[in-house]
Amino acid sequence: MGHKKINLLALFYLVSMFFLLNGCGGGGNDTGTPREDKNVTWFLKQHADLKENYFVGKFGVDNNPAGWDTGAYLRAYIDMYEATHDIRILRDLNELLKIVADGNDVLTGRIDERTGTVLPGWGTRAYDYGPEGGERYSDMLTNALFAYPLAAFVRIVREDPALEHEFGADAQRYEKMVRELYRIQKPFVKAKGSPYPDGTTGACYAYPENYYEDRQNYSGHEAPINLTVIIAEPLVELYRASVAEGTPDDAYKTIVEKVANYIWWNMRFKTTAQKDRYLVWYYWPDDIDPDTIRMEDLTHGARLAEFVVTLHDAGLRKRWTQKRLQYLANTFTCGALIDDTTFANYVDGTGGVYEDDAATLYEWLVLQRYSRASSRKSILYYLEKAMKEEGESRKYNLAVFAKFVRYGKE
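Counting from 1, position 203 in the sequence shown corresponds to residue 290 in the numbering used here; the numbering is continuous, with no gaps.
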């Protein structure tokens, strides 16, 4: 056929040099020399300090951590692994997840003072819950903040068969733990008789019973939006894990899609003078205090952004379409932004000037890819500019750093 003869020795040499120069493995396995990523290098160096100060000795005790900071740090490992697929990050994450899992109340025997029983989860006294205040509650907010990285770890392992040998047993343990948490706690209310404007029936919202804030009993009221999405997100990850295994869990799919419906029908449109549409919503869906406009604040509002992007990644896009994600991205740039470095307190652009560090708004970066084509990288631009004004950098903390690595280039 006229093909030239191939020198096998020369071919072997060329192939060997290709893999050597390109760092075969990239940290994804134990072969070859991985190319060192300065972001990964910095991130890995923080692990020992984080483990010692935020995890060791903090779980399995009478007052497990509240979940916000520790949950965000665990999520940082998920973000960094998704951005780099460096297996060292997954190994470090697994070290922390083992500590969390070993501290589950089912294993330590710690009781939930609301029920007088041991419940799956991570009971804490960090919140002023209960009629007396300070009771040890296995509350689903804290539970979900720890359940998310456990479930996301399961999904990552299920999606990559190469990880099964090293992490499969731990993933199986974590999956069982998260499933049991939701089976026993039953955090969602399913109201079959609540029609939506488009004729859809059945609401699905969270945490209506025994919910206390500032010692006030809010039982019977729909939970704040940010709590509902935080509690639903681990189930999205378990659904994605089941899809990766080839056996989609329709029960979890139904729950998260109903939550997506519920969240959408609590949104309201606003329009700027330039005719840009964006979304606003109340912190309490049923406007629990009619004398106060309890609009969602920017920090907690970012949890909604993370939830709907998770839905989108799972392919569950019936309710939260690409266009609606664009409207949500506009919420940050059209509603909340007052000027180049100043933000309103609330998603509707009212409520005075945002009083916290700009870096704490980092979770909005998940919407960067959904910004309008004409304003691509706008969220990144405004966040970075505001942070620089306050003398902060992307290394504000581990969670902020990881979010910038994962979404800051989109």
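Ideal placement from N, C-alpha and C gives every residue a C-beta, glycine not left out. Note that the coordinates shown come from a computational prediction; the quantities given were computed from them, not determined experimentally.
> According to the Cβ coordinates, are methionine 264 and alanine 153 closer than 8 Å?
Replying inline: Here the question's residue 264 lines up with position 177 in the sequence shown. Here the question's residue 153 lines up with position 66 in the sequence shown. Their beta carbons are not under 8 Å apart, which means methionine 264 does not touch alanine 153 by this criterion.
>> Using a 10 Å radius around the Cβ and a threshold of 16 neighbouring Cβ atoms, would you call glycine 286 buried or exposed?
In response: Residue 286 sits at position 199 when you count from the first residue of the sequence shown. Its Cβ having fewer than 16 others within 10 Å, glycine 286 is exposed.
> Can you list, in chain order, the residues of its chain whose CB lies under 8 Å from that of alanine 445, leaving out five sequence neighbours each side?
Replying inline: Taking the first residue of the sequence shown as 1, we reach residue 445 at position 358. The residues are Thr428, Phe430, Leu470, Ala473, Met474, Glu476, Glu477, Glu479.
> When you compare only the Cα positions, how much space is there between phenylalanine 146 and alanine 460?
Replying inline: Counting from 1 along the sequence shown, the entry for residue 146 is found at position 59. Counting from 1 along the sequence shown, the entry for residue 460 is found at position 373. If you take the alpha carbons of phenylalanine 146 and alanine 460, they lie about 45 Å apart.
> In the structure shown, what three-state DSSP assignment does leucine 98 receive?
Replying inline: Numbered from its first residue, the sequence shown carries residue 98 at position 11. In this predicted model, leucine 98 has a pLDDT of only 35, less than 50, meaning its place in the structure is not dependable; the value taken from the coordinates is given anyway. It is helical.
>> Between Val396, Ala234, Asp257, Arg245, which has its C-alpha nearest glutamine 413's C-alpha?
In response: Position 326 of the sequence shown holds residue 413. The residue with the shortest Cα to Cα distance from glutamine 413 is Val396.
> In three-state terms, what does DSSP make of alanine 416?
Replying inline: In the sequence shown, the residue the question calls residue 416 occupies position 329. DSSP places alanine 416 in helix when its eight states are reduced to three.
> For leucine 467, which of helix, strand or coil comes out of DSSP?
Replying inline: Numbered from its first residue, the sequence shown carries residue 467 at position 380. Leucine 467: helix per DSSP, three-state reduction.
>> If distances are taken between C-alpha atoms only, which option among Ile176, Tyr292, Ala238, Leu177 comes closest to valine 346?
In response: Here the question's residue 346 lines up with position 259 in the sequence shown. For the residues Ile176, Tyr292, Ala238, Leu177, the minimum Cα distance to valine 346 belongs to Tyr292.
> According to the neighbour-count rule (16 or more other Cβ atoms, all chains shown, within 10 Å of its Cβ), is aspartate 192 buried or exposed?
Replying inline: Here residue 192 corresponds to residue number 105 of the sequence shown, with the count starting at 1. It counts as buried.
> My guess is that leucine 448 and alanine 389 are in contact by the Cβ rule of under 8 Å, so how many angstroms apart are they, rounded?
Replying inline: By one-based count along the sequence shown, residue 448 stands at place 361. By one-based count along the sequence shown, residue 389 stands at place 302. Right, their Cβ atoms sit about 7 Å apart.
> Between aspartate 149 and arginine 242, is the Cβ-Cβ spacing less than 8 Å?
Replying inline: Along the sequence shown, read from residue 1 onward, the residue named residue 149 stands at position 62. Along the sequence shown, read from residue 1 onward, the residue named residue 242 stands at position 155. Not closer than 8 Å, so no.
> Do you know how far the Cα of leucine 250 is from the Cα of tyrosine 305?
Replying inline: Translated into the one-based positions of the sequence shown, residue 305 becomes position 218. Translated into the one-based positions of the sequence shown, residue 250 becomes position 163. Each residue's alpha carbon lies about 44 Å from the other.
> Can you list the alpha helix (DSSP H) stretches of 4 or more residues lying completely in the stretch 184-225, in chain order?
Replying inline: 192-195
> Expressed to the nearest angstrom, what Euclidean distance is found between the alpha-carbon atoms of lysine 92 and glutamate 123?
Replying inline: Residue numbering aside, residue 92 sits at position 5 when the sequence shown is read from its first letter. Residue numbering aside, residue 123 sits at position 36 when the sequence shown is read from its first letter. Its pLDDT being 34, under 50, lysine 92 is placed unreliably by the model, and nothing is read from it.
>> If you reduce the DSSP assignment to three classes, tell me which class glycine 115 lands in.
In response: For the purposes of this step, residue 115 is taken as residue 28 along the sequence shown, with counting starting at 1. At glycine 115 the pLDDT is 45, less than 50, meaning the model places this residue with poor confidence and gives no usable figure here.
> Curious, which full-length beta strand (DSSP E) runs of at least 3 residues does the stretch 358-422 contain?
Replying inline: 364-367
> Under the rule that 16 or more other beta-carbon atoms within 10 Å means buried, what is aspartate 179, buried or exposed?
Replying inline: Here residue 179 refers to the residue found at position 92 of the sequence shown. Classification for aspartate 179: buried.
>> By the three-class DSSP mapping on this structure, what secondary structure does leucine 108 have?
In response: Here residue 108 is taken as the residue at index 21 of the sequence shown, counted from 1. Low per-residue confidence applies at leucine 108: pLDDT is 35, beneath 50, and the placement is therefore not dependable enough to give any value.
> The beta strand (DSSP E) spanning tyrosine 292 covers which residue range?
Replying inline: Here residue 292 refers to the residue found at position 205 when the sequence shown is read from its first residue. It spans 290-293 - the beta strand (DSSP E) in which tyrosine 292 sits, taken as one unbroken run.
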